[in-house]
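Note sheet for the following structure.
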Amino acid sequence: MPLKSRHLIGLEGISKEELEIIFKTADIFKEVLQRPIKKVPTLTGKTVVNLFFEPSTRTRISFELAERRLSADTINFSSSGSSISKGETLKDTVRNIEAMKIDLVVVRHSSPGTPLFLSKILNASIINAGDGAHEHPTQALLDMYSLREKFGRLEKLKVLIVGDISHSRVALSNIYGMTSMGINVSLCGPATLMPRELDKLGVKIYYNLDEAIKDKDVILVLRIQLERQKKGLFPSIREYRNCFGITKERLQKLKDDVVIMHPGPINRGVELDGDVADCKNSIILEQVENGVAIRMAVLYLLSGVESSLTI
Amino acid sequence: MGIYRKKFEFSECPKPYLIKDGKYFDLKTSDFVEADIIIDKGIIKDIGRFNGDSFKGRVLDIVGKVVFPGFMDMHVHFREPGREDKETMASGSFAAAGGGFTSVCPMPNTDPIIDNQEMVKFIIDKGKDLITDIFPVGAISKGLKGKEISEIADMFNAGIIAVSDDGVPENNLGMMQRCMEYTSMFDIPVIVHCEDKHLSNGGVMHEGYYSTKLGLPGISSISEEIAVVRNIMIAEYTGSKVHICHVSTAGSVEIIKNAKERGVKVTCEVTPHHLTLTDKCIETFDPNFKMNPPLRTEKDVETLVNGMKNGIIDTIATDHAPHTIDEKEFEFDRAPFGVTGLETAFGILNEFFINKDILSIGKFVELLIVNPRKILKLDIPEITKNKKANMVIVQLDKEWTVDADNFYSASRNSPFIGTKLTGEIQTVLNKNKVYFR
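Protein chains in written order, with the working numbering: chain A, 1 to 311; chain B, 1 to 437.
Structural data, given as structure tokens:
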């Protein structure tokens, strides 16, 4: 097994070497995705179940596509209309699915810790596709992979993550992964959306966006859930945009080659101006493309398939 | 996991007992005394040296073991009525006896709530034939709704020894003031669960480094401390007795210390889990580490242990809160708060504090035997001639590992499963009844 764990629960504690293995494996699959026939037989005979207990469009599609490109058999399960709503516990649901002999489980759930819980009760390998505000490792992997592609290196890049850090699994996974890779990570967002004792994770915290973005190579913009405003976490969408939105005006003050990222879906005109999302500095669509390659790499590396990758 | 639980058996004592060749803890000298004890019809008949061969009755040879007065836990949740699948008065009493507790105070947040004399009588009636003394706590407000004061006089006459808002903390301070004023007429304490609900705001674990790392919503230290301050100020203003439940933060200990120095009639308790575990345990996302108040930081644990040693903390209470495995083995943020504690409390205190010379036996006896009864103005079961026999026989050096299959409780949600402890409760004598492990 090239990775230490047979599960991907999060990027906390992951080594630089393991991240390099994932990125190099993704390079191979990225090449496959450029071919006219974008499918390889690598996971033929393996069964993957996509367990989505929370609505998701892009992550689910990206995983499904990755699985099909690898020729795995896939089953999709989403909580609406399934047994969860009939009062069955998560443990029962998942054990039932496993009784059908599954090799890999991709799970998205609103409760932090669900993938870890599943890894303890199931024999299958677990891939976390987002657990509450905890981790979303494949998103962070594809973010880093996209930066590696753009800059040719990751070490010493200056990355600023902007927005609702408190509720963001993307931020936490990126903090773990990026600091492992030697990236200099800073965070900026309203104090009400900044969790406590983050500085212990080796990141710098800003509340003034104009000061924070000055010397950065990359700005990773997080989606702001508009319902947070109704919960009294910030005064208005207008003020959020003024203080923390990546606007055209702000972009113009930055260095020419600054890179803009966003995990999607974007609230255009709130955390990110439409013009900025579509400009040449934005690599948002590359992130989506790389998502499939990264997920193919993770699925392959955790599948236990021993054959070397000559495809 | 076993389906068949260990069966608890206790019986009436038909014959006199001679407890021989051990030593008992004498409250007067605060030390062990080597002597034999004769018990008949639930009364200590004699203490001294007696010949076992000529004794007409049963001889209990307890060489190498010690006898303590029965322990008291002034904070337990037995789920009867309402959730008998989690715990009944009987199973809770078995768990208590298994842990050496001969007196317990069930909290009123059952379904229906214990907020009137009929409910109090029901609890007392259920406890009548059990080996444990049951001292019910009444709800401070009707239905714990914080709108109207419960009929505390009626409940007092029916047998409550305190009132409490535990389970549904009273956040309306005007209401709390009236409840304390009214309760003070009966000279019983108001047991308060200190939590400002606006500050704890749906949190599920201590707010700090680990809640940030785990992406779980936090319960801040100040959500407890602010409520401790408010309740102490109301008690001070009204001259009432207030007892702070399950203190969990260093700040609360400091606030209580200051209040005691000012002469406020405040007492408090701490749980065995808050004395030994921290929020780091939640890295496993195991809901058996989920309780309210939550596990705090190392600094809090250290301050609580010091508070226990230097008398700011008056008593150890378990906040025994049974839940079914189906409810507890759930996503961490959706699982209910609460852990069981009666059957592990003594082993934890013995292993982690007495054996490590952090806590003296004398101090331990104050915390677990004397003080809760003082707070509630109950008779202290001294081991003296002509007193009621209310005692536990303990083998202090017996090692054991916590195994939920061996619990007498109907539930198994302990944070200490798999922990190695020392000190086993072997016999309990109370109400002319006896239990042998």
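A virtual CB, placed ideally from N, CA and C, is assigned to each residue, including glycine. Model, not experiment: these values are computed from the prediction.
So, is the C-beta of residue i closer than 8 Å to a C-beta in chain B?
i	result
LYS200 (chain A)	yes
LEU8 (chain A)	no
GLY81 (chain A)	Confidence at GLY81 (chain A) is low in this model, with a pLDDT of 45, below 50, so the placement of that residue is unreliable and no value is reported for it.
SER111 (chain A)	yes
LEU116 (chain A)	yes
LEU90 (chain A)	yes
VAL298 (chain A)	no
PHE52 (chain A)	no
Any beta-carbon of chain A closer than 8 Å to the one on residue i?
i	result
VAL339 (chain B)	no
GLY208 (chain B)	yes
PHE453 (chain B)	Any property of residue 453 (chain B) remains undetermined from this structure, which presents chain B solely from 1 to 437.
THR110 (chain B)	no
THR212 (chain B)	yes
CYS281 (chain B)	no
PHE285 (chain B)	yes
GLY418 (chain B)	no
Whose C-alpha, out of the options, is nearest the C-alpha of residue i?
i	options	result
GLU170 (chain B)	B:ILE161, B:ALA162, B:MET180	B:MET180
PRO195 (chain A)	A:ASP164, A:LEU104, A:ILE28, A:LYS101	A:ASP164
ASN50 (chain A)	A:ASP103, A:ILE22, A:VAL40, A:GLU17	A:ASP103
ARG108 (chain A)	A:HIS136, A:MET100, A:VAL305	A:HIS136
LYS45 (chain B)	B:ASP36, B:CYS245, B:ASP129, B:LYS299	B:ASP36
ASP31 (chain B)	B:ASP125, B:ILE383, B:ILE152	B:ILE383
ARG170 (chain A)	A:VAL94, A:ILE237, A:ASP143	For clarity, residue 170 (chain A) is Val in the given sequence; the question names Arg instead. Among A:VAL94, A:ILE237, A:ASP143, the Cα nearest to that of VAL170 (chain A) is on A:ASP143.
ASN184 (chain A)	A:GLY202, A:LEU285, A:ARG295, A:ARG35	A:GLY202
MET155 (chain B)	B:TYR182, B:VAL168, B:GLY167	B:TYR182
GLY304 (chain A)	A:ALA124, A:GLU98, A:GLY10, A:GLY291	A:ALA124
GLY143 (chain B)	B:ASN172, B:THR110, B:PHE337	B:THR110
GLU331 (chain B)	A:GLN34, A:LEU172, A:GLU64, A:PHE53	A:PHE53
PHE352 (chain B)	B:GLU9, B:GLU302, B:PRO108	B:GLU302
LYS65 (chain B)	B:PHE346, B:ILE19, B:LEU376, B:GLU261	B:ILE19
ASN267 (chain A)	A:ILE237, A:LEU154, A:GLU12	A:ILE237
GLY202 (chain B)	B:LYS374, B:TYR210, B:ILE43, B:GLY218	B:GLY218
SER411 (chain B)	B:PHE55, B:SER91, B:PHE50, B:ASP53	B:SER91
LYS197 (chain B)	B:GLU34, B:ARG178, B:SER220	B:SER220
LEU349 (chain B)	B:VAL253, B:ASN116, B:LEU396	B:LEU396
MET175 (chain B)	B:ARG230, B:LYS128, B:GLU12	B:ARG230
Roughly how far, in whole angstroms, is the beta-carbon of residue i from the beta-carbon of residue j, given that I think they are within contact range, below 8 Å?
i	j	result
PHE436 (chain B)	ALA95 (chain B)	That pair is no contact at about 16 Å.
LEU130 (chain B)	MET72 (chain B)	Actually they do not touch by this definition, with Cβ atoms about 15 Å apart.
SER409 (chain B)	GLU327 (chain B)	Between GLU327 (chain B) and SER409 (chain B) the Cβ distance is about 15 Å, and since that is not below 8 Å, they are no contact.
GLY98 (chain B)	ILE325 (chain B)	With 8 Å as the limit, GLY98 (chain B) and ILE325 (chain B) do not qualify as a contact, their Cβ atoms being about 19 Å apart.
VAL120 (chain B)	GLY146 (chain B)	Not really, about 20 Å apart at Cβ, beyond 8 Å.
PHE63 (chain A)	ARG295 (chain A)	5 Å
PHE68 (chain B)	VAL392 (chain B)	5 Å
I'd like to know if residue i contacts chain E, where contact means its C-beta is closer than 8 Å to some C-beta of that chain.
i	result
PHE68 (chain B)	Protein chains in the displayed structure are A and B, and chain E is not among them.
### Task
Could you say if the region 66–76 of chain B and the region 402–418 of chain B meet the contact criterion of at least three C-beta pairs nearer than 8 Å?
no
### Message
If contact is defined by three or more beta carbon pairs under 8 Å, each pair taking one atom from either stretch, is the region 125–134 of chain A in contact with the region 209–216 of chain B?
### Response
yes
### Query
How do the region 241–253 of chain A and the region 269–285 of chain A stand: do at least 3 beta-carbon pairs fall below 8 Å, yes or no?
yes
### Task
Below 7 Å between beta carbons is the criterion; list the residues of the region 321–345 of chain B that meet it against any residue of chain A, in chain order.
ASP326, GLU329, PHE330, GLU331, PHE332, ASP333, ARG334
#### Entry: Where the region 214–248 of chain B meets chain A: residues whose CB sits under 9 Å from a CB there
LEU214, GLY215, LEU216, PRO217, GLY218, SER220
### Query
Does the region 421–431 of chain B come within contact of the region 100–108 of chain B, defined as at least 3 CB pairs closer than 8 Å?
yes
### Query
the region 162–181 of chain A: which residues have C-beta closer than 7 Å to a C-beta of chain B, in chain order?
ARG169, LEU172
### Message
Using a Cβ distance threshold of 8 Å, determine whether the region 109–126 of chain A contacts the region 145–162 of chain A, with at least three qualifying pairs required.
### Response
no
### Query
So, do the region 260–277 of chain B and the region 236–246 of chain B have three or more beta carbon pairs nearer to each other than 8 Å?
yes
### Query
Quick check: the region 150–168 of chain B against the region 180–195 of chain B, are there 3 or more CB pairs under 8 Å?
yes
#### Entry: Under 8 Å (Cβ pairs) to chain B, residues found in the region 127–140 of chain A
ASP131, GLY132, ALA133, HIS134, GLU135
### Query
Are there three or more Cβ pairs, one per stretch, closer than 8 Å when the region 14–25 of chain B is compared with the region 53–65 of chain A?
no
### Message
Between the region 257–271 of chain A and the region 215–228 of chain A, can you find at least three pairs of beta-carbon atoms closer than 8 Å?
### Response
yes
### Query
In chain order, what residues of the region 184–217 of chain A put their CB closer than 9 Å to some CB of chain B?
PRO195, ARG196, GLU197, LEU198, LYS200, LEU201
### Query
Any chance the region 230–240 of chain B sits against the region 279–287 of chain B, with 3 or more Cβ pairs inside 8 Å?
no
### Task
Check whether the region 358–376 of chain B touches the region 307–314 of chain B, taking contact to mean three or more Cβ pairs, one atom from each stretch, closer than 8 Å.
yes
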